[in-house]
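Novice:
In the numbering used here, the protein residues as written are 239 to 719.
#1: May I have the straight-line CA-CA distance separating residue 191 from residue 562, to the nearest angstrom?
#2: Return helix, strand or coil for residue 589, following the three-state DSSP convention.
#3: Which runs of the alpha helix (DSSP H) spanning at least 4 residues fall entirely within the stretch 279-322, listed in chain order?
#4: Please list the segments of the beta strand (DSSP E) lying wholly inside the stretch 402-446, counting only runs of 3 or more residues, in order along the chain.
#5: Give me the DSSP bridge partner(s) of residue 696.
#6: Are residue 721 and residue 684 closer than 8 Å when you measure CB to CB?
#7: Do the CB positions of residue 514 and residue 677 come within less than 8 Å of each other?
#8: For the 8 Å Cβ check, are there 3 or more pairs between the stretch 280-298 and the stretch 349-367?
#9: Are three or more beta carbon pairs between the stretch 651-665 and the stretch 380-390 nearer than 8 Å?
#10: Identify the residues that DSSP records as bridge partners of residue 655: which are they?
#11: Pick out whichever of 566, 653, 456 and 554 has its Cα sitting closest to the Cα of residue 609.
#12: When you compare only the Cα positions, how much space is there between residue 471 and residue 679?
#13: Buried or exposed: which applies to residue 331, given that a residue is buried once 16 or more other Cβ atoms fall within 10 Å of its Cβ?
#14: Return the residue from the list 508, 461 and 321 that minimises the CA-CA distance to residue 374.
#15: How close, in whole Å, do the beta carbons of residue 405 and residue 453 come, if the pair is a contact with beta carbons under 8 Å?
#16: Starting from residue 561, trace the beta strand (DSSP E) both ways and give me its first and last residue.
#17: What number of angstroms, rounded off, separates the C-alpha of residue 341 from the C-alpha of residue 267?
#18: From residue 710 to residue 579, what does the alpha carbon distance come to, in whole angstroms?
#19: How many angstroms separate the CA atom of residue 285 from the CA atom of residue 668?
#20: Between 696, 346 and 333, which lies nearest to residue 323 when the distance is taken from Cα to Cα?
#21: Tell me, to the nearest whole angstrom, how far the beta carbon of residue 355 is from that of residue 301; I am working on the premise that it is less than 8 Å.
#22: Going by C-alpha to C-alpha distance, which of 446, 435, 715 and 352 sits closest to residue 410?
#23: With distances taken from CA atoms, which of 439, 474 and 431 is nearest residue 414?
#24: Hey, out of 296, 436, 386 and 464, whose CA is closest to residue 716's CA?
#25: Could you give the residue range of the beta strand (DSSP E) that holds residue 367?
#26: Label residue 607 either buried or exposed according to how many other C-beta atoms from any shown protein chain fall within 10 Å of its C-beta, with 16 as the threshold for buried.
#27: Can you give me the C-alpha to C-alpha distance between residue 699 and residue 572, rounded to a whole angstrom?
#28: Determine which residues share a DSSP beta bridge with residue 554 and list them.
#29: I need the straight-line Cα distance from residue 585 to residue 329, nearest angstrom please.
#30: Under DSSP, the alpha helix (DSSP H) around residue 379 begins and ends at which residues?
#31: Using the DSSP secondary-structure output, state which residues sit across from residue 524 in a beta bridge.
#32: Since I believe residue 599 is in contact with residue 560 (beta carbons under 8 Å), could you give me their beta-carbon distance rounded to a whole number of angstroms?
#33: Can you list, in chain order, the residues of its chain with a C-beta nearer than 8 Å to that of residue 690? Leave out the 5 residues immediately preceding and following it.
#34: Taking residue 651 as the reference, which of 525, 368 and 422 has the closest Cα?
#35: Within 10 angstroms of the Cβ of residue 412, are there 16 or more other Cβ atoms? Answer buried if so, exposed if not.
#36: Cutting at 6 Å between CB atoms, please list the residues of its own chain near residue 653, excluding the five before and the five after it.
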């Protein structure tokens, strides 16, 4: 569940923007202005000591060390708020601990410090982006990948076996919409057979160890109430093509050979960090690709302002819409873009992720006004805990339009990293380790404010364990219980 701010620990790296805020009243804005100038002064000093750049963990270390020195040595002056009250912290990644200040300066100093560091590095467009630690090559064979992905997604349940026609879920289907099996109690296989032969039956549920089965109509996987003492079998949605002669003809080897695919293409992969992985692929998309994405995202007038629970967001100043991919249409530009993204993520991370209706839609985001931004946040769990099955584990961003003057960068403040994108670039960052634990803050990121022009990006979040029948929102509902 996405948690709010914890009072004792001021920086909580659990994903969701609510945990990344400091709350101030308007009458405290002068305190923030004063603290901001302190950070700017120390930031400039450490830029000089760090080879003229605010990028890298050494710059972060310098800033935190200097702030601590000033906290210990500087005497408070009349009319000022004294040195920056630096809470306890750790580096790699930068993590702040402490308690809220009392009295007039009653601000969450930990979150304020992180926010001001991010603001400072965003203004330094002259620093560009972080330098790659290695440059590799990735080859994409579109024909092979598209045909393999399509075959995997379009596989049909075997007529000889009922088992793979149903989703098995730990939990029970709620009361109502009951169907009566005149045969009474039966075995699991008999229940599947009866449900399969009864058009209205969409599944059945039973208490573990019992021979009483409750048959249901008008229920889907999302209706199952999680309970380890019960088991439910929900009929999968049978793809219409499974009994279609037209599909069999269209999916024949002869037809696949006739389809027009690009020849294998080579891409440069700039590795900014190995673990957790951050890479940039220049020219991943073409002008045609981006035009198709922007068209699918809708006009600027139709893209909605970013919202949070309760109303418009002051934390995320942008406009967005969702793009749903028709994975059955192999000739669609959107499908080909999406399949290439999934192939790259699989190859570079080893994650078992595939484009299907269970994945989240591609999120189109437009920044069009000066100052539009997205404040620091994590896309998935970033508390160092175990991976919750079905949750997000990686994010990619394609940059179809970039803002003026190098603004609108993607900042990873707590690890001293910055991505200064060029048009058609592809950014990927992963946040699940091989041992199935999650990142603990390295991948917290933000979209820096734009100073002019417009920025249009397509964001895709990746999940393992989702299917057409078990979609991302069902997984999130289960995790929030």
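Just so it is clear, CB atoms sit at the ideal spot from N, CA and C, and this is done for glycine as well. It should be emphasised that the depicted structure is a prediction, and the values quoted were computed from it without experimental measurement.
Specialist: In brief:
#1: Residue 191 lies beyond the residue range present for the chain, which begins at 239 and ends at 719; the question has no answer from this structure.
#2: coil
#3: 295-311
#4: 404-410 and 441-445
#5: 602 and 636
#6: Residue numbering for the chain in the displayed model covers 239 to 719; residue 721 lies beyond these limits and cannot be assessed.
#7: Contact flag set, yes.
#8: yes
#9: no
#10: 650
#11: 554
#12: 38 Å
#13: buried
#14: 508
#15: That pair is no contact at about 16 Å.
#16: Looking at the DSSP string, the run of the beta strand (DSSP E) that includes residue 561 is 557-561.
#17: No answer about residue 341 holds up, because its pLDDT of 47 lies below 50 and its placement is not dependable.
#18: 18 Å
#19: 29 Å
#20: 346
#21: 7 Å
#22: 446
#23: For residue 414, the nearest C-alpha among the options comes from 439.
#24: Comparing Cα-Cα distances from residue 716 to each of 296, 436, 386 and 464, the minimum goes to 464.
#25: No beta strand (DSSP E) contains residue 367, which DSSP labels as neither H nor E.
#26: Label assigned to residue 607: exposed.
#27: Between the C-alpha atoms of residue 699 and residue 572 there is a straight-line separation of about 16 Å.
#28: Partner(s): 612.
#29: 31 Å
#30: That residue, residue 379, is in no alpha helix (DSSP H); it is neither H nor E in DSSP.
#31: Per DSSP, none; premise fails for residue 524.
#32: 4 Å
#33: Closer than 8 Å at Cβ, skipping near neighbours: 608, 641, 642, 643 and 645.
#34: The residue with the shortest Cα to Cα distance from residue 651 is 368.
#35: Residue 412 counts as exposed, since fewer than 16 other beta carbons sit within 10 angstroms of its beta carbon.
#36: 331 and 680
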